[in-house]
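Below: one structure, written as structure tokens.
Numbering (our numbering), first residue to last: 633 to 777.
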């Protein structure tokens, strides 16, 4: 009969493996990909928060919403180049501020509606980012060609 490690040990092993995979991806990622990873992380935290809300797990909700806020504020918003980005950058920062506000309201009031609004907003930004960064760039012609 084959024996397996206890479930918690297997879970830790899987988490360690996933963590190594994420670290490898982060270290080799372009700046555009890093932003995508941050958005995915924030959306994943919001998804977990929604599950915690459904199960009345207030501590889990608090921790995952705090994680999402930290990613949006310290990762996404902080990475916006406001000087070079002009009006687009200002609008993006305002969107991130509004997402953070809805996350704070979701946490404070245990509001699924506020959490869903934050998820939808970041999902829209994420989709636009993906489309903008994944669009093939035209190849510039060299002089004399």
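No residue lacks a Cβ here, since even glycine has one placed at the ideal position from N, Cα and C.
- Under the three-state reduction of DSSP output, residue 662 falls in the coil class, being neither helix nor strand.
- Residue 754 and residue 675 do touch by the CB rule: their CB atoms are close to 6 Å apart, below 8 Å.
- DSSP, reduced to helix, strand and coil, places residue 742 outside both helices and strands of the structure shown, so it counts as coil.
- Within 10 angstroms of the beta-carbon of residue 720 lie fewer than 16 other beta-carbons, which makes it exposed.
- Under the three-state reduction of DSSP output, residue 687 falls in the coil class, being neither helix nor strand.
- A straight line joining the alpha-carbon of residue 760 with that of residue 709 spans about 16 Å.
- Distance between residue 743 and residue 737, taken at the CA atoms: about 7 Å.
- Residue burial annotation: residue 746 is buried, with at least 16 other C-beta atoms found within 10 angstroms of its C-beta.
- Taking C-beta atoms as the reference points, residue 714 and residue 727 fail to come closer than 8 Å.
- Shown here, residue 713 sits in coil according to DSSP, grouped into three states, outside any helix or strand.
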